[in-house]
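Colleague: Per the working numbering, the very first residue in the sequence shown carries number 15; after that it's consecutive. Note that CB positions come from ideal geometry on N, CA and C, so glycine has one too.
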Amino acid sequence: MLVALLGALGTIVLGDANDLLLLAAAFLLTSIPFYALARWARVS
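#1: If distances are taken between C-alpha atoms only, which option among 16, 18, 44 comes closest to residue 27?
#2: Candidates 33, 35, 47, 34: which alpha carbon is nearest residue 23's?
#3: Would residue 17 and residue 50 be called neighbours here (beta carbons separated by less than 7 Å)?
#4: Over the uninterrupted alpha helix (DSSP H) stretch that includes residue 52, give me the two end residues.
#5: Label residue 40 either buried or exposed according to how many other C-beta atoms from any shown protein chain fall within 10 Å of its C-beta, with 16 as the threshold for buried.
Quick look at the structure:
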């Protein structure tokens with residue numbers, strides 16, 4: 015549940031990013047939880 019919330023938060027921040035540093039942080043915040051979810055679905 016927390017992983018999905020972090021992914022959603024990253025998506026929201028990505029849409030509101032005004033500078034390059036925030037854009038990079040939002041991209042990482044969005045992509046890493048979804049990689050974790052994909053790994054969890056693959057193992058289960």
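Modeller: According to the structure data:
#1: Against the sequence shown, residue 27 aligns to sequence position 13. It is 44.
#2: Counting from one through the sequence shown, the residue named residue 23 turns up at place 9. Per the Cα distances, 47.
#3: Reading the sequence shown from its first residue, position 3 is the one you call residue 17. Reading the sequence shown from its first residue, position 36 is the one you call residue 50. Cβ atoms of residue 17 and residue 50: closer than 7 Å.
#4: In the sequence shown, residue 52 corresponds to position 38, counting from 1. Residue 52 -> alpha helix (DSSP H) spans 34 to 57.
#5: Translated into positions along the sequence shown, residue 40 becomes position 26. Buried, because 16 or more other Cβ atoms sit within 10 Å of the Cβ of residue 40.
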